[in-house]
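Colleague: Numbering (the numbering used here), first residue to last: 102 to 752.
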């Protein structure tokens with residue numbers, strides 16, 4: 102083993118590891134640029150390298166990109182990558198109260214620990230974990246998706262039924278386009294734009310980032326609380342927090358490794374499962390979802406553990422564990438490296454050098470991540486709102502475009518963002534919607550394939566409920582669904598007769614009417630899906646019709662509960678409505694100008710125009726000039742990066 106360690110520590114491999122971690126972290130921090138894209142755009146650099154050096158570079162980029170997504174999640178409430186969704190739950194509240202530096206340092210430490218656990222599992226446990234991954238069939242993947250949906254009980258803030266309705270809405274959004282099970286076009290309403298479906302990352306950017314931008318311009322309040330004094334990295338505090346959560350970080354790292362080893366699962370599912378478990382087990386004074394560092398630790402350790410976990414089926418079986426692994430596998434095939442069980446014997450020099458290089462890259466992520474994180478936090482805290490809003494809005498536009506090089510994805514992103522903002526004000530959290538969107542295709546594919554197999558053998562119940570591994574996942578799902586309600590159930594069961602209920606005052610008639618309208622809209626969506634499903638073949642219709650019927654039943658239950666309890670979960674609208682409306686309208690206007698003026702000029706006009714609704718402070722002429730120059734310079738620099746370095750064909 103010593104020769105493999107020495108090979109990983111050559112000056113070239115050290116340089117590649119540092120470069121890969123830094124490049125991946127920066128790319129992953131930009132909303133819309135996923136870890137897959139970070140690896141894909143830099144793959145051509147590896148074609149002239151030896152296989153072990155190429156693997157080290159790609160593994161370092163992958164590791165850095167997964168961690169980089171935490172920056173935007175913590176500082177902007179927008180996951181830089183899908184794997185950082187759950188990081189927003191506690192990371193952004195910590196940043197809002199002035200602990201963004203601590204949140205970033207905690208995320209970095211947790212990422213390093215998770216990455217090390219995943220890489221060690223790749224080194225020591227590859228064959229048995231790969232065999233365990235092969236035990237998962239279609240029905241297990243279906244129940245795994247349902248287990249993921251059971252986390253709605255933990256992700257729904259205030260209203261579980263609204264969370265379930267939001268998850269059903271997300272599942273139905275995932276059904277738009279060409280069915281993966283039957284190749285039939287559905288729910289496009291004749292639009293060619295929707296043939297490719299709703300891109301998950303574009304939807305994620307819209308649902309998380311656009312509401313933040315709308316709320317940012319509404320009031321003159323600062324985006325993040327500026328610390329009273331410079332506190333550096335706050336590394337001792339972060340280490341202390343990690344030690345208090347040592348069982349959390351180890352449990353989450355194991356979850357991330359196991360989920361990463363399942364082909365197609367990925368860091369987003371791992372992070373959400375780990376967060377749900379941390380929230381279920383956690384009994385600290387600080388609630389999860391309100392700035393508990395344990396939420397960041399769970400998510401970041403889990404999603405970084407998927408890097409090593411995902412390489413297990415990739416290298417041992419030749420089956421990509423995650424989308425970035427598929428890109429890396431393709432690059433290895435180009436170089437003539439054949440993955441499979443013999444790789445660990447015949448190609449030991451390649452695979453073991455890579456594993457030790459991955460461990461090295463993970464360790465290097467600590468200093469690199471802390472340095473970049475400190476710079477990012479300082480820039481976001483000091484930036485005036487009139488500069489922050491145009492730049493972030495531009496990042497959402499170019500990030501959404503870069504995924505599929507489609508202007509239509511930008512429009513979809515903005516529209517979903519407005520829907521997400523309105524839904525959030527009515528108490529429909531965006532997290533269940535995004536969760537449904539991510540798990541929709543996995544759940545449908547597993548459901549339809551299992552249904553087809555069960556129908557062919559004449560034993561549908563046995564197919565869904567007769568496999569031992571499925572029964573384990575079903576038991577975990579029931580536990581996950583019921584556990585958050587157990588304190589309430591226990592209090593109801595132990596309540597003495599005559600004890601007065603602690604009821605909140607009833608909501609106003611206007612609030613009840615607004616909720617009824619919201620439920621009516623979701624019910625109408627469900628009815629449209631049911632009607633549209635009637636014209637589809639059974640394979641394409643069975644899953645969306647089932648979800649729509651469940652969504653219709655949930656809306657009916659929600660209406661009954663509302664009329665009986667007269668309780669409403671909502672977030673009041675605060676600020677100037679004219680400024681709020683201006684954000685999506687200006688963004689849509691800029692998108693409409695792209696075919697006429699080109700991307701660069703339309704983006705510059707968007708940046709200049711958004712300064713107006715975002716500006717609350719008085720500026721001197723010199724201040725206005727500096728502000729405009731900063732916004733224009735940043736937009737031009739990022740446009741150059743995307744067009745010339747990342748080779749994104751901007752229109």
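Note that the Cβ used here is the ideal one computed from N, Cα and C, for glycine as well. All of these numbers come straight from a predicted model, not from anything done at the bench.
Of the residues 721, 111, 376 and 189, which one's Cα is nearest the Cα of residue 132?
Modeller: That would be 189, whose Cα lies nearest to the Cα of residue 132.
Colleague: Quick check: what's the CA-CA separation for residue 240 versus residue 566?
Modeller: Whole-angstrom Cα-Cα distance: 9 angstroms.
Colleague: When burial is assigned at 16 or more other CB atoms within 10 Å of the CB, is residue 716 buried or exposed?
Modeller: Residue 716 is buried by the Cβ-count criterion.
Colleague: Cβ atoms of residue 564 and residue 554: under 7 angstroms apart, would you say?
Modeller: Yes.
Colleague: I need the straight-line Cα distance from residue 548 to residue 316, nearest angstrom please.
Modeller: Taking the straight line joining both Cα atoms gives about 39 angstroms.
Colleague: Between the beta-carbon of residue 608 and the beta-carbon of residue 527, is there less than 7 angstroms?
Modeller: Going by C-beta atoms, residue 608 is not nearer than 7 angstroms to residue 527.
Colleague: Can you tell me whether residue 602 is buried or exposed? The criterion is at least 16 other CB atoms within 10 Å of its CB, across all chains shown.
Modeller: In this predicted model, residue 602 has a pLDDT of only 43, less than 50, meaning its place in the structure is not dependable; the value taken from the coordinates is given anyway. With fewer than 16 Cβ atoms within 10 Å of its Cβ, residue 602 is classed as exposed.
Colleague: Look at residue 101 and residue 147 and say whether their C-beta atoms are less than 7 angstroms apart.
Modeller: Outside the displayed span of the chain (102 to 752) sits residue 101, for which this structure offers no information.
Colleague: Please state whether DSSP places residue 367 in a helix, a strand or coil.
Modeller: Coil, per DSSP.
Colleague: Looking only at its chain, what residues have a beta carbon closer than 7 angstroms to the beta carbon of residue 178, apart from the 5 residues adjacent to it on each side?
Modeller: Result list for residue 178: 189, 193, 309 and 313, in chain order.
Colleague: Check whether the Cβ atoms of residue 171 and residue 185 lie closer than 7 angstroms to each other.
Modeller: In contact: residue 171 and residue 185 (Cβ atoms closer than 7 angstroms).
Colleague: Specify, as a first and last residue, the run of the alpha helix (DSSP H) that residue 571 falls within.
Modeller: Looking at the DSSP string, the run of the alpha helix (DSSP H) that includes residue 571 is 569–583.
Colleague: Quick check: the Cα distance between residue 396 and residue 211, rounded to an integer number of angstroms?
Modeller: Cα to Cα, the separation comes out at about 11 angstroms.
Colleague: If you drop the 5 nearest sequence neighbours on each side, which residues of the same chain put their C-beta closer than 6 angstroms to that of residue 122?
Modeller: The answer, listed in chain order, is 161, 165, 462, 465, 466 and 469.
Colleague: Which full runs of the beta strand (DSSP E) of 3+ residues lie inside the stretch 434–469, going along the chain?
Modeller: The qualifying runs do not exist here; there are none.
Colleague: On the DSSP letters alone, give me the boundaries of the alpha helix (DSSP H) that residue 542 sits inside.
Modeller: Segment 531–558, the alpha helix (DSSP H) holding residue 542.
Colleague: Could you tell me which residues DSSP pairs with residue 286 in its beta bridges?
Modeller: For residue 286, which the question treats as bridged, DSSP gives the partners 279.
Colleague: Between residue 227 and residue 153, which are expected to be in contact by the criterion C-beta below 8 angstroms, what is the C-beta distance as a whole number of angstroms?
Modeller: 17 angstroms between Cβ atoms; not a contact.
Colleague: If we ignore side chains and look at the alpha-carbon of each, how far apart do residue 743 and residue 638 end up?
Modeller: For residue 743 and residue 638, the distance between alpha carbons rounds to 42 angstroms.
Colleague: I need the boundaries of the alpha helix (DSSP H) containing residue 188, first residue and last residue.
Modeller: Note, residue 188: alpha helix (DSSP H), 188–197.
Colleague: Can you give the Cα-Cα distance for residue 643 and residue 282, rounded to whole angstroms?
Modeller: Taking the straight line from one Cα to the other gives about 11 angstroms.
Colleague: Shortest alpha-carbon distance to residue 232 belongs to which of 364, 552 and 183?
Modeller: Measuring from the Cα of residue 232, the nearest candidate turns out to be 364.
Colleague: Let's test the definition: count the other Cβ atoms within 10 Å of the Cβ of residue 294 and tell me whether it reaches 16, buried, or not, exposed.
Modeller: Its Cβ having fewer than 16 others within 10 Å, residue 294 is exposed.
Colleague: Check whether the Cβ atoms of residue 125 and residue 354 sit closer than 7 angstroms, and answer yes or no.
Modeller: No, these two residues do not count as a Cβ contact at 7 angstroms.
Colleague: Applying the criterion that 16 or more other CB atoms from any shown protein chain within 10 Å of the CB defines a buried residue, is residue 632 buried or exposed?
Modeller: Exposed, because fewer than 16 other Cβ atoms sit within 10 Å of the Cβ of residue 632.
Colleague: Spatial neighbours of residue 600 within its chain, please: C-beta separation below 7 angstroms, excluding the five flanking residues on both sides.
Modeller: Reliability of the predicted coordinates at residue 600 is poor, the pLDDT of 45 falling under 50, and no value is obtained from them.
Colleague: Which residue's Cα is closest to the Cα of residue 120: 158, 536, 357 and 517?
Modeller: Per the Cα distances, 158.
Colleague: Cβ of residue 423 within 7 angstroms of Cβ of residue 367?
Modeller: Yes; because the gap between Cβ atoms is below 7 angstroms, this pair is in contact.
Colleague: Taking a contact to mean a Cβ-Cβ separation below 7 angstroms, would you say residue 582 touches residue 206 in this structure?
Modeller: Not in contact: residue 582 and residue 206 (Cβ atoms no closer than 7 angstroms).
Colleague: Exposed or buried, what is residue 340 when buried is set at 16 or more other beta-carbons lying within 10 Å of its beta-carbon?
Modeller: Exposed.
Colleague: Buried or exposed for residue 348, going by 16 or more other Cβ atoms inside 10 Å?
Modeller: Exposed is the call here.
Colleague: Excluding the 5 residues flanking residue 356 on each side, which residues of the same chain have their C-beta closer than 8 angstroms to its C-beta?
Modeller: Excluding positions up to five away in sequence, the list reads 371, 374, 375, 378, 403 and 406.
Colleague: For residue 93, which residues of its own chain have a beta-carbon under 7 angstroms away from its beta-carbon, when the five flanking residues on both sides are left out?
Modeller: Residue numbering for the chain in the displayed model covers 102 to 752; residue 93 lies beyond these limits and cannot be assessed.
Colleague: Assuming residue 578 and residue 248 make a contact with CB atoms under 8 angstroms, what is their CB distance in whole Å?
Modeller: So it is a contact: roughly 5 angstroms between Cβ atoms.
Colleague: Using 7 angstroms as the threshold, is the C-beta distance between residue 191 and residue 393 below it?
Modeller: Cβ distance < 7 angstroms, so residue 191 and residue 393 count as in contact.
Colleague: To the nearest angstrom, how far is the alpha carbon of residue 263 from that of residue 279?
Modeller: Each residue's Cα considered, the two are about 28 angstroms apart.
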